[in-house]
Structures are given as C-alpha cells and as structure tokens.
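Visitor: The sequence shown lines up with residues 630 to 963 when you count with my numbering.
Glycine included, every Cβ here is placed at the ideal spot set by N, Cα and C.
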Amino acid sequence: MQETGNPPNASALAGEIQPAVGFSGLGRMGLPLAQRLVESGVPVVAYDRTRGKAEALASSGARWAATPRDLAKSIGKGVTFLMLTDGKAVQSVLFGRSGYARAAPPGGLVVNMSTVDPEESRDFSARLRDRGIHYVDAPVSGSVDQVVRGDVVFFLGGEESEVARTRPLLERMGRKAEPMGPVGAGNATKLVNNLLTIGITALSTEALALADGLHLDRAHVIEVLLEGGGRSAMLERKGPNFLARKYLAQFTTALARKDLKLVEKAAAREGRPLKMTREARKLVDEAMALGHSEDDFSSVFEATLARSRSGGSMPTVTGSAVPGGPTPSGNPPR
Ligand SMILES: NC(=O)c1ccc[n+]([C@@H]2O[C@H](COP(=O)([O-])OP(=O)(O)OC[C@H]3O[C@@H](n4cnc5c(N)ncnc54)[C@H](OP(=O)(O)O)[C@@H]3O)[C@@H](O)[C@H]2O)c1
Numbered sequence: 630m631q632e633t634g635n636p637p638n639a640s641a642l643a644g645e646i647q648p649a650v651g652f653s654g655l656g657r658m659g660l661p662l663a664q665r666l667v668e669s670g671v672p673v674v675a676y677d678r679t680r681g682k683a684e685a686l687a688s689s690g691a692r693w694a695a696t697p698r699d700l701a702k703s704i705g706k707g708v709t710f711l712m713l714t715d716g717k718a719v720q721s722v723l724f725g726r727s728g729y730a731r732a733a734p735p736g737g738l739v740v741n742m743s744t745v746d747p748e749e750s751r752d753f754s755a756r757l758r759d760r761g762i763h764y765v766d767a768p769v770s771g772s773v774d775q776v777v778r779g780d781v782v783f784f785l786g787g788e789e790s791e792v793a794r795t796r797p798l799l800e801r802m803g804r805k806a807e808p809m810g811p812v813g814a815g816n817a818t819k820l821v822n823n824l825l826t827i828g829i830t831a832l833s834t835e836a837l838a839l840a841d842g843l844h845l846d847r848a849h850v851i852e853v854l855l856e857g858g859g860r861s862a863m864l865e866r867k868g869p870n871f872l873a874r875k876y877l878a879q880f881t882t883a884l885a886r887k888d889l890k891l892v893e894k895a896a897a898r899e900g901r902p903l904k905m906t907r908e909a910r911k912l913v914d915e916a917m918a919l920g921h922s923e924d925d926f927s928s929v930f931e932a933t934l935a936r937s938r939s940g941g942s943m944p945t946v947t948g949s950a951v952p953g954g955p956t957p958s959g960n961p962p963r
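So, in structure tokens, the structure goes:
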C-alpha cells in the first residue's frame with residue numbers, strides 16, 4: 630500500500646504558482662478534504678450553503694464566496710470541486726438561481742466528488758458542455774478519518790485531458806485517483822464499491838448476532854475473525870462501534886440508504902438482480918425507523934439486534950427510541 634500522511638506543504642511547493650480552486654460543500658467529508666488542499670498550499674475559494682462552515686475554513690486560510698455564482702466568478706477557468714449530499718444538491722449548486730453555471734466561463738472544470746447516479750453525472754456533464762465547461766466525476770472511497778490521514782481513493786470518470794488536469798489536485802487530498810472510463814464511470818465504480826461496503830457491514834452484524842446467540846464473547850469473536858477468513862475492512866473499521874454500541878457518524882445511515890437506492894436503481898436499469906443488496910437495504914430502512922438516520926450506518930447493528938430480540942420479525946417502530954434499544958450515539962441533531 631502506498632504511504633499516506635500529510636499533504637505536501639506550501640514550502641515543499643515553493644516556486645510553483647498555484648491557481649485558486651473552488652470548493653463547494655464543507656460537510657463531514659468536504660471540510661477535511663478542502664483543508665488538505667489548503668494545507669498543501671493550494672489557494673481555495675469555498676462556498677457552503679451554511680455560511681458559518683465556509684467561514685470556519687476561511688480561518689485556516691481559504692477565501693469564501695457568498696454564492697456558487699460568486700465562487701465561479703473568482704475561479705474563472707479553474708477547477709471547482711463539489712462534495713454535496715446528492716444529485717439534487719449538485720443540481721442546485723450548479724444550475725440554481727445563484728448557481729455556478731450562471732458565471733463560469735468556458736474552459737472551467739467541475740470535479741464532482743459527491744456520490745450520485747452515473748446518469749446524473751452524464752446529464753450534468755452534457756449541460757455544462759453546452760456552456761464550454763468540463764466535468765469529471767470523482768467520488769470518494771473512504772471516510773472522514775481516512776480523509777484526515779490522506780488515505781482515500783477517488784474513482785474518476787471523464788475525458789483523459791480533464792482527468793489529467795484533476796489528478797494532481799486529488800492526489801493532494803487522497804492516496805490514489807484512478808481513471809475508470811468516461812463521465813459516469815467514477816460514479817458507477819462508487820456504486821459497486823458501496824454495494825460491498827454497506828452489504829458487508831450488514832452481514833457482519835448478522836454474524837455478530839449469531840455469535841451472541843451461540844454464547845460467544847463479542848469482543849473476542851471480532852478479534853479472532855480479524856485474524857482469519859472472516860476478516861474485512863468494514864469489520865475492522867466498525868468493530869469498535871459494534872462493541873461500544875455507539876455510532877458517531879462518519880457516513881450516516883441516511884446516506885447509506887441514498888446509496889443503496891442508487892445501486893438498486895442502476896441495477897434495475899441494467900437488468901441485474903441484486904437480492905442480497907435488497908436485504909441490506911431493508912436492514913438500513915429498519916435502522917432508520919429506529920431513529921438512526923443521522924448516526925453512523927454501522928448502527929444497522931441495532932436493527933439486527935432488534936430483529937434478534939423479536940425472534941426474527943421486525944416490529945414496526947415509529948419513535949426514535951425503543952425499549953432496550955441503543956445507547957445514545959452522541960451525534961448532534963442535524
Ligand atoms: N461521510 C462519508 O464517509 C462519505 C464517504 C464517501 C462518500 N460520501 C459522499 O460524499 C457526499 C457528502 O457526504 P458528507 O458525509 O460530507 O455529507 P454531509 O456532512 O451531510 O455534507 C453534505 C454537504 O452538502 C451540502 N448540501 C446539501 N444539500 C444542499 C443544497 N441543496 N444546496 C447546497 N448545498 C447542499 C451541505 O450543506 P450544509 O452545510 O448547508 O448542510 C453540506 O455541505 C455524499 O454524496 C456522500 O454519499 C460520504
């Protein structure tokens with residue numbers, strides 16, 4: 630595995646003249662990604678719908694823009710990154726009333742790191758191309774702690790020349806930026822990736838519930854599984870959450886559900902049945918019904934435990950808490 634760590638700092642880049650880049654979406658992932666750019670000496674102009682978040686980044690040296698349109702004016706033909714919830718948010722930032730496309734000149738480049746449907750990416754790309762603006766999809770594999778360590782991977786979709794323009798900047802934020810094909814191919818790869826990461830996490834919770842039923846010690850089981858054939862990156866990363874039954878959000882259950890719906894939609898479009906994925910999505914739905922939407926998606930463990938308590942059938946839950954349910958995650962309401 631390639632070494633990761635701190636981004637190259639400004640002094641390491643002495644002599645390079647860095648054009649400013651734009652960054653829209655300073656949420657859980659966007660803020661640390663933008664911070665890595667700033668810390669590596671790249672001038673950043675940031676926009677967030679919630680102004681305080683852009684101001685928070687401004688304190689580490691970035692400039693901020695009041696609207697995506699103002700951001701486009703500052704960046705001109707430069708690169709603008711998006712790290713937004715979903716396709717609807719991207720639509721609003723690019724094409725809304727104060728959107729980026731209202732002021733961006735031909736020659737600009739939008740790099741969309743948000744997880745969206747490949748079809749949405751192709752649509753955004755076509756609409757921007759009409760204005761002479763380029764588009765690359767660059768969704769991210771890895772979560773908040775991995776961004777901080779510079780350990781994420783980007784899956785890229787776009788024309789070779791634009792992908793080449795994008796990679797040096799992405800490599801300041803993560804470990805690898807891998808071209809996967811034309812526009813949409815990055816998003817397609819991300820859907821395949823998330824089918825696995827969410828699916829494996831869901832299956833891990835069933836394995837642990839069975840371990841409970843077989844009177845095994847949960848901590849000991851996780852420890853020994855990580856030494857054997859049951860090992861997975863997700864069990865390793867989420868094991869501490871399963872033990873503590875605390876789910877401080879890195880990737881929320883609501884986003885996991887959004888992604889599984891994108892996976893199911895793409896699979897239906899292409900005629901690929903995904904039965905196990907459907908089961909994982911049902912579990913995610915149950916975790917949301919138990920009030921875990923804004924918790925980390927590893928809170929699907931609570932849905933699995935609730936199934937075990939009810940002997941296999943999930944009771945209908947309308948409130949945010951169930952008797953004997955989860956310990957508080959500590960996530961602030963959003
Ligand atoms: N969290 C992860 O581990 C992870 C990992 C890989 C990929 N992803 C993907 O990365 C993307 C961002 O995830 P996140 O965890 O950073 O989410 P998040 O913390 O909820 O941040 C979402 C960002 O989108 C902005 N936004 C939402 N709707 C908007 C709208 N209509 N107009 C303008 N801005 C809008 C939010 O603005 P406000 O600040 O105003 O709310 C915020 O900046 C998602 O597509 C997610 O699936 C997440």
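CB of Gln879 to nearest heavy atom of ligand 1: below 6 Å?
Guide: Checking the Cβ of Gln879 against ligand 1 gives yes.
Visitor: If you check the beta carbons only, do Gly786 and Gly761 fall under 7 Å apart?
Guide: The answer is no: Cβ separation not under 7 Å.
Visitor: Just to confirm, does Leu837 get its C-beta within under 6 Å of one of the non-hydrogen atoms of ligand 3?
Guide: Inclusion of ligand 3 in the displayed structure is not the case, the ligand content consisting of ligand 1 alone.
Visitor: Can you list, in chain order, the residues of its chain with a C-beta nearer than 8 Å to that of Ala896? Leave out the 5 residues immediately preceding and following it.
Guide: For Ala896, where only same-chain residues beyond five positions count, the Cβ hits under 8 Å are Pro902, Leu903, Thr906.
Visitor: Which runs of the beta strand (DSSP E), 3 residues or longer, sit entirely within the region 794-874?
Guide: Correct list: 805-810.
Visitor: With respect to 6 Å, is the separation between the Cβ of Ala718 and the closest non-hydrogen atom of ligand 1 below this value?
Guide: Under cutoff, so the answer is yes.
Visitor: Expressed to the nearest angstrom, what Euclidean distance is found between the alpha-carbon atoms of Arg938 and Val929?
Guide: Approximately 14 Å between the Cα atoms of the pair.
Visitor: Please classify Glu899: is it buried, with 16 or more other beta-carbons within 10 angstroms of its beta-carbon, or exposed?
Guide: Glu899 comes out exposed.
Visitor: DSSP three-state label for Ser754, please.
Guide: Ser754 falls in the helix class under three-state DSSP.
Visitor: Can you give the Cα-Cα distance for Glu791 and Lys706, rounded to whole angstroms?
Guide: Distance between the alpha carbons of Glu791 and Lys706: 12 Å.
Visitor: For Ser653, write down the residues that DSSP places opposite it in a beta bridge.
Guide: Ser653 is bridged to Tyr676, Leu711.
Visitor: Which residue marks the beginning of the beta strand (DSSP E) containing Val722, and which one marks its end?
Guide: First-last for Val722: 716-724, but that is the alpha helix (DSSP H), not the beta strand (DSSP E).
Visitor: Does the region 741-760 come within contact of the region 906-918, defined as at least 3 CB pairs closer than 8 Å?
Guide: At 8 Å Cβ cutoff, the stretches do not touch.
Visitor: What does Ser770 pair with, by DSSP beta-bridge criteria?
Guide: In the DSSP output, where bridge partners are listed per residue, Ser770 has Val782.
Visitor: Provide the residue(s) that pair with Tyr764 in DSSP beta bridges, ordered along the chain.
Guide: Tyr764 pairs with Val739.
Visitor: Grab the span of the alpha helix (DSSP H) containing Phe930 for me, first residue to last.
Guide: Residues 929-938.
Visitor: What residues in its chain sit with their C-beta under 7 Å from that of Pro636, if we drop five residues either side in the sequence?
Guide: Any answer about Pro636 is weak, because its pLDDT of 45 lies below 50 and its placement is not dependable; what the coordinates show is given next. Around Pro636: Arg665, Glu668, Ser669, Gly779, Arg801.
Visitor: Pairing CB atoms from the region 857-873 with CB atoms from the region 832-842, are three or more of them under 8 Å?
Guide: Contact holds: three or more Cβ-Cβ distances are below 8 Å.
Visitor: Are the CB atoms of Arg910 and Leu889 within a distance shorter than 7 Å?
Guide: Yes, the pair counts as a contact, with Cβ atoms nearer than the cut-off.
Visitor: Below 6 Å CB to CB, which residues in the same chain sit around Arg963 once its five sequence neighbours on both sides are set aside?
Guide: Bear in mind that the predicted position of Arg963 carries a pLDDT of just 45, short of 50, making it unreliable; the figure below should be weighed with that in mind. Cβ within range, chain order: Glu923.
Visitor: Roughly how many whole angstroms lie between the Cα atoms of Gln720 and Leu711?
Guide: Rounded to the nearest angstrom, the two C-alpha atoms are 11 Å apart.
Visitor: What separation, rounded to the nearest whole angstrom, lies between the Cα atoms of Lys682 and Val782?
Guide: Taking the straight line from one Cα to the other gives about 24 Å.
Visitor: Is Arg692 helix, strand or coil by DSSP?
Guide: The answer is strand: DSSP assigns Arg692 an E or B state.
Visitor: Can you tell which of His849, Gly828, Leu843 has its C-alpha closest to the C-alpha of Glu908?
Guide: For the residues His849, Gly828, Leu843, the minimum Cα distance to Glu908 belongs to Gly828.
Visitor: Which residues share a DSSP beta bridge with Thr881?
Guide: Paired residues: Asp925.
Visitor: Quick one: does the C-beta of Met802 sit closer than 6 Å to a heavy atom of ligand 1?
Guide: Not so, every heavy atom of ligand 1 lies at least 6 Å from the Cβ.
Visitor: DSSP on Pro902, reduced to helix/strand/coil?
Guide: Three-state result, Pro902: coil.
Visitor: CA-CA distance, Pro952 and Gly940?
Guide: Low confidence applies here, because Pro952 scores a pLDDT of 36, under 50, leaving its location unreliable and the question unanswered by this model.
Visitor: So, for Val777: in the same chain, excluding its five sequence neighbours on each side, which residues have a beta-carbon less than 7 Å away from its beta-carbon?
Guide: These residues qualify, in order along the chain: Pro661.
Visitor: In terms of alpha-carbon separation, which member of Phe880, Tyr676, Thr709, Leu700 lies closest to Asn823?
Guide: Cα-wise, what sits closest to Asn823 is Phe880.
Visitor: The alpha helix (DSSP H) that contains Lys702, what's its start and end?
Guide: Taken as a continuous stretch (DSSP letters only), the alpha helix (DSSP H) holding Lys702 covers 697-704.
Visitor: Since Lys887 contacts Asp715 with CB under 8 Å, what's their CB separation in whole angstroms?
Guide: About 6 Å separates the two Cβ atoms, so the contact holds.
Visitor: Check each candidate in Ala695, Ala675, Pro697 and name the one with the smallest Cα separation from Ala687.
Guide: Comparing Cα-Cα distances from Ala687 to each of Ala695, Ala675, Pro697, the minimum goes to Ala675.
Visitor: Helix, strand or coil: how does DSSP classify Tyr876 here?
Guide: Note: Tyr876 maps to coil in three-state DSSP.
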